[in-house]
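Asks: Take the sequence shown: its letter number 195 is residue 195 in UniProt numbering, and every next letter is one higher.
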Amino acid sequence: MADIKLYFSEELLSWFHIHKRTLPWRQNRDPYRVWVSEIMLQQTRVDTVIPYYERFMDRFPTVTALAEAPEAEVLKCWEGLGYYSRARNLQAGAREVVDNYNSVIPDDADAVAGLKGIGPYTRGAVMSIAFNRPEPAVDGNVMRVLSRYFCLEDDIAKPRTRIQLEHLAKSLIPEGAAGDFNQALMELGALVCTPKSPGCLTCPVMVHCQGRLVGKENVLPIKTKAKPPREERRLVALIEGSGSNVGKVLVRQRPETGLLAQMWELPHLLEEEVVQEGKAIKTGRGRKKKDTIIEESSAVMGLSASPDSGQMEQLGRGLAAETGLLIRPRHRWMEAEHIFSHIIWKLDVFLADFGFVLKEKEIQQMQYETLLQGGLVAAEQKAEYNNFETAPDQLFSGYAASETAASVSGPEQQEVPLPAGYRWIGPEDMRELAFPNVFLRILGNYWSERY
Ligand code: SF4
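#1: Given M57, which residues of its chain have a CB within under 8 Å of its CB, disregarding the five upstream and five downstream residues?
#2: Excluding the 5 residues flanking A137 on each side, which residues of the same chain have their C-beta closer than 7 Å to its C-beta?
#3: Counting C-beta neighbours from all protein chains within 10 Å, is the total for D353 16 or more, i.e. buried, or is it exposed?
#4: Provide the residue(s) that pair with D352 in DSSP beta bridges, ordered along the chain.
#5: Mapping DSSP to helix, strand and coil, what is D30?
#6: Give me the Cα-Cα distance between A406 and F435, rounded to the nearest whole angstrom.
#7: Can you list, in chain order, the residues of its chain with a C-beta nearer than 7 Å to that of E54? Leave out the 5 residues immediately preceding and following it.
#8: Near G189, what residues of its chain come up, given a Cβ to Cβ distance below 7 Å and the 5 sequence neighbours on each side ignored?
#9: Within the present structure, is the beta-carbon of Y7 separated from the nearest heavy atom of the ligand SF4 by less than 7 Å?
#10: For the ligand SF4, list every residue whose C-beta falls under 6 Å from any of its heavy atoms, going in chain order.
#11: Mind checking who D155 pairs with in its DSSP beta bridge?
#12: List the residues that DSSP assigns as beta-bridge partners of A336.
#13: So, using beta-carbon positions, are Q253 and G421 closer together than 8 Å?
#14: List, from N- to C-terminal side, the beta strand (DSSP E) runs of 3 residues or more that fit wholly inside the UniProt domain "HhH-GPD" (40-191).
#15: According to DSSP, which residues form a beta bridge with R423?
#16: Closest by CA to K31, which one among G93, I50, L75?
#17: Quick one: residues in its chain with C-beta nearer than 7 Å to the C-beta of Q210, no 5 flanking neighbours on either side, listed in chain order?
#18: Starting from L433, follow the alpha helix (DSSP H) in both directions and report where the run begins and ends.
#19: Residues in its own chain within less than 8 Å of A391 by CB, not counting five upstream and five downstream?
#20: Among all the DSSP beta bridges, which residues are the ones paired with L269?
#21: When DSSP labels each residue in this structure, what does R317 get in the three-state scheme?
#22: Please state the DSSP three-state secondary structure of R21.
#23: Just how far apart, CA to CA, sit V377 and K248?
#24: Pairing CB atoms from the region 37-45 with CB atoms from the region 69-77, are three or more of them under 8 Å?
#25: Output yes or no for whether 8 Å exceeds the beta carbon distance between R230 and W345.
#26: Using DSSP's beta-bridge definition, name the partner residues of K264.
#27: Taking the alpha carbon of D429 as the reference point, which residue from E265, A336, V438, T64 has its own alpha carbon closest?
#28: For D139, count neighbouring C-beta atoms within 10 Å of its own C-beta (all shown protein chains included) and say buried if the count is 16 or more, exposed if not.
#29: With a threshold of 8 Å between beta-carbons, can W424 be considered close to chain D, or not?
#30: Suppose the cutoff is 8 Å on Cβ atoms and the five residues either side in sequence are ignored; what does the same chain contact list for V49 look like?
#31: Considering L213, what are the terminal residues of the alpha helix (DSSP H) in which it resides?
#32: Would you check if the distance between the CB atom of Y52 and the CB atom of L260 is smaller than 8 Å?
#33: Where D47 and G355 are concerned, what is the direct C-alpha to C-alpha distance, given to the nearest angstrom?
#34: Work out the CA separation of A226 and R162 for me, nearest whole Å.
Right, here's the structure in full:
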């Protein structure tokens with residue numbers, strides 16, 4: 001065992017010195033540069049990260065520059081890279097360095113581990129690459145390589161296995177070469193010992209690879225499957241402005257905490273199930289295609305005439321109940337998909353006209369009606385809505401039946417105060433506001449079709 005460990009470390013290190021890629025974060029060992037690169041590289045391919053990394057380092061060249069920047073600017077610089085909590089945590093960590101360590105990232109594993117957003121892998125990567133400390137940096141790539149080389153059949157999804165592999169990785173680090181060795185392990189996993197087809201014939205440690213010797217290089221590592229992400233169908237309103245807002249669309253900012261916190265988006269809501277003859281069905285069409293633009297109808301359709309009328313009505317009612325925003329969805333425009341680690345959003349996007357904003361009492365009526373339909377308001381709140389004089393039906397159906405799209409929008413809409421967090425934007429505003437990828441794609445399609 002000692003022999004194959006020594007062989008592994010020596011051969012891998014020699015291979016790395018010849019074959020390592022030239023990457024922007026390898027220009028020097030500045031701990032801040034290492035830290036940023038390691039955070040960006042989580043769940044993201046090297047090729048994707050490079051332009052983001054260069055832009056980010058141009059804009060925030062030091063830990064102080066990052067700490068002092070407005071969060072919206074950091075998010076904008078991160079826009080498109082996904083997993084935005086990484087950007088927020090990175091900035092929070094930078095602020096901790098400024099406040100607690102005089103703007104110098106400490107050469108201390110415990111202190112680095114205590115910074116916001118730094119887990120065992122990033123701690124090991126920063127300590128070894130920047131400070132050459134013998135700390136293991138074990139991610140998915142490294143677990144795969146070690147499982148194969150040592151023919152380990154423990155489930156790498158289990159925390160206990162990860163800890164065992166961290167001990168093993170630490171024991172392999174050659175003296176004085178922690179940074180290069182850890183990068184060599186990652187590089188082997190990225191370039192040679194790849195997930196689907198390991199390139200054993202070009203592998204520097206092939207001769208003693210235990211997994212390959214017993215023919216298990218394509219079976220290892222063992223990893224139990226994570227629960228598949230939950231699918232959510234969401235109805236999205238692409239609300240077009242008119243009058244002084246012509247050429248603009250209505251967007252809103254997400255709450256300060258939670259999923260995609262503080263990013264901008266089109267108004268949308270979760271589609272409810274409709275119960276029909278005792279059987280739950282979805283009102284959506286269940287299409288599978290990603291980012292499909294639906295051929296636009298030239299006619300403005302009434303809600304009752306469209307095959308999508310159920311979804312459009314739900315969208316109109318839901319937004320009114322949630323924020324008081326009264327809109328008229330016109331027709332389906334496109335479909336898109338956004339994959340998070342635990343959820344998949346299936347988005348049905350509807351073009352819509354802006355109507356007006358309901359008053360407080362009208363919002364409550366709309367919520368009451370939505371409640372009666374099993375919609376957005378929690379059942380236990382029902383008692384609060386028992387005293388309305390006007391039948392909630394009249395509020396929306398009156399609007400839907402009697403108003404035309406043109407008459408509910410128009411120059412007067414500039415006077416209408418919007419719900420909190422909402423604003424009209426044109427294409428030029430996209431340079432400032434940070435949107436999740438899926439809304440960037442939808443709005444990109446929209447602007448390119450319109451202009
Ligand atoms: S020989 Fe094959 S399985 Fe073994 S470490 Fe190299 S690439 Fe991976």
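Using N, Cα and C, we set each Cβ at its ideal position, and we do this for glycine too.
Computed from a prediction, not measured in an experiment: that's the story for all the values here.
Replies: On the basis of the data shown:
#1: P24, R33, V36
#2: Y121, G124, A125, S128, N182
#3: buried
#4: Before going further, note that residue 352 is Ala rather than Asp in the sequence given. A352 is bridged to I239, P329.
#5: coil
#6: A caution first: A406 carries a pLDDT of 36, below 50, which makes its placement in the model too unreliable to give a value.
#7: P24
#8: N141, V142, R144, V145
#9: no
#10: V145, R148, Y149, V192, C193, P198, G199, C200, C203, V205, M206, C209, G211, R212, E217
#11: I222
#12: L347
#13: yes
#14: none
#15: V251
#16: The residue you asked about is not Lys; residue 31 is Pro in the sequence shown. Comparing Cα-Cα distances from P31 to each of G93, I50, L75, the minimum goes to G93.
#17: Y149, F150, C151
#18: Counting along the chain, L433 falls outside any alpha helix (DSSP H), and DSSP gives it neither H nor E.
#19: Bear in mind that the predicted position of A391 carries a pLDDT of just 37, short of 50, making it too unreliable to give a figure here.
#20: L235
#21: helix
#22: coil
#23: Summary for V377: the model assigns pLDDT 36, below 50, so the residue's position carries little reliability; its value from the coordinates is reported in the next sentence. The straight-line gap from Cα to Cα measures roughly 31 Å.
#24: no
#25: no
#26: The sequence given here places Trp at residue 264; Lys does not occur at that position. Answer by DSSP bridge pairing, in chain order: Q253.
#27: E265
#28: buried
#29: Looking at the structure shown, chain D is missing, and only one protein chain is on hand.
#30: S37, M40, L41, L81
#31: 210-213
#32: no
#33: 45 Å
#34: 16 Å
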